[in-house]
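Numbering (the numbering used here), first residue to last: 1 to 171.
Virtual Cβ for every residue (Gly too), placed ideally from N, Cα, C.
The structure appears below as structure tokens.
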């Protein structure tokens, strides 16, 4: 496929945008992509972040060829090759294939965003109210382990590590 900008070189950068539900695709050579500001974000980091997700997915997964995201049109094979999720709906479409990968990368599949003071905003009856976030016993142990390591209290850290392993294996 030729670059849509210059029409001379092979397109190596493929950009998909979804605006108001309308999918638009751009196919550019590396030079035109650089000129338009679509260079490789991670090229100067010394790591191949583009293949990070693809590497995790590629280990032990068979491709899901038939399924495509209804919003952006990405296939699981494309996600595997690029290491990039097409859009938010890809998480729903490829949930079963992505969950184990996300668990391996992050250690959990449950998102715990940062909230000020360990609280979350709850809206009830039109009123906004800050409510404390309940921490699971396992999460509490992990938090305490991190604190023990930061304080260089390695004996406590070892005990907590063993308790965490026990909790993960049996509960």
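For the 9 Å CB-CB criterion, residue 36 and residue 28 form a contact. Around the beta-carbon of residue 136, fewer than 16 other beta-carbon atoms lie within 10 Å, marking it exposed.
Using a Cβ distance threshold of 9 Å, residue 31 and residue 15 do not count as a contacting pair.
Straight-line spacing of the CA atoms in residue 103 and residue 10 works out to 36 Å.
In terms of Cα proximity to residue 89, the closest of 141, 75 and 158 is 75. Residue 18 is a Cβ neighbour of residue 87, given a cutoff of 9 Å. In the structure shown, the three-state DSSP call for residue 15 is strand. Counting the other Cβ atoms within 10 Å of the Cβ of residue 98 gives 16 or more, which makes it buried. Proximity to residue 92 across 168, 81 and 67 peaks at 67, based on C-alpha coordinates.
Closest option to residue 138, judged by alpha-carbon separation, among 149, 162 and 150: 162.
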